[in-house]
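A.B. asks: First the structure, which I've put down as structure tokens, then a few questions once you've had a look.
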């Protein structure tokens, strides 16, 4: 049951919500009899717009009043929190709570109709607040309830130009998550939560080109299944832990222009599957560990100190050798590369 | 982003890196790396992009780089490299965007007395001659400098004792960036503090009069 109509003004008798009415984010919840005698309930039965009900908890985001958050209700919260009305024309159904979650553009479900993938890279989250350049109430960032999508394997919210959010620590509850991508979203702020270390299935973590600060949390080094890590172009601090050696499945370690300091730990030599090591443009000191010679799969080492050379972008031009990609940067190195076209 | 710092990695390029047979790119530009450039890097079969520019490497470029078939970018400017450059590199038109086609060896490293920001010839003018009164000491310079007496002493220091501090101490030579070179053993200055004589006791050139 989705509350509509009059409930949006005042909750019907025998129901309640924190604001006394149904909103975009939650409905009115029926009062649950707190004891057999029903002593506490009768007064509410004739009252409209109750904001509390003794003995009955309210679950934020609960649209149908069943006291639980379904996957659909969580997705609806995400839609409300990030100005879903302006995501784009393909995403109109997200606002209609009557449309099942597996029918929504950007959502994929398992055979058991469990949400296993959210890919909103085609939507424009928080578009209105971005255009008006004011911190709109319409953009409250990612809801922490996302952490309750327990079967989620892929979460892609990359290239969101306007999405202003922190990374909720509750995302650490997503124990099935294999791929988390918030890359190229310049208003993803705050620190990387230590709870990220609880994403025990994670293989790909892309937080590059965000606006993250703080250190690389120790929790990260518990992600022993991690294969690709992208932290480049952030304002991090601190150094790379010697625990790096625990990430033995790592193939790509890209932490360039991320303001990190300290030494490259000798344990980098334990990463025997490492193919790509990019650490250019940081404040690293010390020596290049000889143990890197153990990384027999290594194809690329980029530890340049020069921050003005966008190593990765140059690589793009290098691989594709198109003039178009060369227009994005201006170093002579690039021009020289382009001459090979 | 304004709070970006350069890496300041020091020490040598570990020789173990030459064992990485899959290596395609080694890009360690703009650090403070020292030592020589190991010839085995030139033998890595897939090494395409080798950029060790703007460090403190010394010595020569090994012939092996000239024989590489994979090499496309070879950036070694801004170090302390001296002659000779392998002829095979100077005629390898695969490297550095074919700069060697027009510029020969200059497409690898600018010759003495010339410079470019990259340390190799860049169109349209190629390697630029140093301004009057300035020159370069090494190949592939990114800037020219005025060479003073004490710079020449520093070169002597580097060539003779450079990696051997013990030798330095034994002969009481101090940091060539210091300003009291007149007191170094073997150095004689005139009344103006200008170096008037150098004696080379190790080479048997010792002249008891200091001239």
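Residue numbers (the working numbering), protein chains in the order written: chain X, 5 to 345; chain H, 30 to 240. Glycine included, every Cβ here is placed at the ideal spot set by N, Cα and C.
Along the region 275-304 of chain X, what residues have a CB closer than 8 Å to any CB found in chain H?
C.D. replies: If the cut-off is 8 Å between Cβ atoms, the region 275-304 of chain X has 279, 283, 284, 285, 286, 287, 288, 289, 290, 291, 292, 293, 294, 295, 296, 297, 298, 299, 300, 301, 302, 303, 304 near chain H.
A.B. asks: Within the same chain, show all residues whose beta-carbon is closer than 7 Å to that of residue 292 of chain X, passing over the 5 residues directly before and after it, in chain order.
C.D. replies: Closer than 7 Å at Cβ, skipping near neighbours: 268, 307.
A.B. asks: How is residue 72 of chain X classed by DSSP in three states: helix, strand or coil?
C.D. replies: If DSSP states are grouped into helix, strand and coil, residue 72 of chain X belongs with coil.
A.B. asks: Anything in chain X within Cβ reach of residue 43 of chain H, meaning under 9 Å, just list it in chain order.
C.D. replies: Within 9 Å Cβ-Cβ: 291, 292, 293, 294, 295, 296, 297.
A.B. asks: Counting only beta-carbon atoms, is residue 85 of chain H nearer than 8 Å to chain X?
C.D. replies: Not closer than 8 Å to any Cβ of chain X, the Cβ of residue 85 of chain H fails to qualify, so no.
A.B. asks: For chain C, is any of its Cβ atoms less than 8 Å away from the one on residue 66 of chain H?
C.D. replies: Among the protein chains of the structure shown, namely X and H, there is no chain C.
A.B. asks: Does any CB atom of chain X fall closer than 8 Å to the CB of residue 48 of chain H?
C.D. replies: Yes, residue 48 of chain H counts as interfacial toward chain X.
A.B. asks: Mind checking residue 151 of chain H: buried by the 16 CB within 10 Å criterion, or exposed?
C.D. replies: By the 10 Å Cβ count, residue 151 of chain H comes out buried.
A.B. asks: Give the C-beta separation of residue 120 of chain X and residue 78 of chain X to the nearest angstrom, bearing in mind that I take them to be a contact with Cβ-Cβ under 8 Å.
C.D. replies: The Cβ separation is near 13 Å, so there is no contact.
A.B. asks: So is residue 117 of chain H buried or exposed if we call it buried at 16+ other beta carbons inside 10 Å?
C.D. replies: The residue is exposed, with fewer than 16 neighbouring Cβ atoms inside 10 Å.
A.B. asks: Between the alpha carbons of residue 90 of chain X and residue 167 of chain X, how many angstroms are there, rounded?
C.D. replies: Approximately 12 Å, taken between the alpha carbons.
A.B. asks: Can you tell me which residues form a DSSP beta bridge with residue 113 of chain X?
C.D. replies: Partner(s): X:119.
A.B. asks: On a CA-only basis, which of H:56, H:85, H:213, H:90 is nearest residue 71 of chain H? Give me that one, please.
C.D. replies: For the residues H:56, H:85, H:213, H:90, the minimum Cα distance to residue 71 of chain H belongs to H:90.
A.B. asks: Return yes when the Cβ of residue 39 of chain H is within less than 8 Å of the Cβ of residue 107 of chain H, no when it is not.
C.D. replies: No, these two residues do not count as a Cβ contact at 8 Å.
A.B. asks: Ends of the beta strand (DSSP E) at residue 151 of chain X?
C.D. replies: From DSSP, residue 151 of chain X is part of no beta strand (DSSP E); its letter is neither H nor E.
A.B. asks: Strictly below 9 Å CB to CB, what residues from chain X border residue 37 of chain H?
C.D. replies: The answer, in chain order, is 287, 288, 289, 290, 309.
A.B. asks: Please check if any C-beta of chain X sits within less than 8 Å of the C-beta of residue 163 of chain H.
C.D. replies: Residue 163 of chain H does not count as touching chain X.
A.B. asks: If we count the other Cβ atoms within 10 Å of its Cβ and call it buried at 16 or more, is residue 141 of chain X buried or exposed?
C.D. replies: Counting Cβ neighbours within 10 Å, residue 141 of chain X comes out exposed, since fewer than 16 surround it.
A.B. asks: Which residues, in chain order, does the region 133-155 of chain H contribute to contact with chain X at a C-beta distance below 7 Å?
C.D. replies: Answer set for the region 133-155 of chain H: 147, 151.
A.B. asks: For the alpha helix (DSSP H) that residue 96 of chain H lies in, which residues bound it at each end?
C.D. replies: Start and end: 92-96.
A.B. asks: Could you tell me which chain X residues have their CB closer than 8 Å to the CB of residue 54 of chain H, listed as they occur along the chain?
C.D. replies: The answer, in chain order, is 303, 304, 305, 306, 319.
A.B. asks: With a threshold of 6 Å on Cβ separation, who are the neighbours of residue 266 of chain X within its own chain once the five nearest residues in sequence on each side are excluded?
C.D. replies: Contacts found: 243.
A.B. asks: Based on Cα-Cα distance, which residue from X:33, X:281, X:15 lies nearest to residue 53 of chain X?
C.D. replies: Checking every option, the nearest Cα to that of residue 53 of chain X belongs to X:15.
A.B. asks: My output table needs one value for residue 151 of chain H: the three-state DSSP class, helix, strand or coil.
C.D. replies: In this structure, residue 151 of chain H counts as coil in the three-state DSSP scheme.
A.B. asks: Which runs of the beta strand (DSSP E), 3 residues or longer, sit entirely within the region 101-171 of chain H?
C.D. replies: The qualifying runs are 102-104.
A.B. asks: Pull up the distance between the alpha-carbon of residue 163 of chain X and that of residue 281 of chain X, whole angstroms please.
C.D. replies: Answer to the nearest angstrom: the Cα atoms are 23 Å apart.
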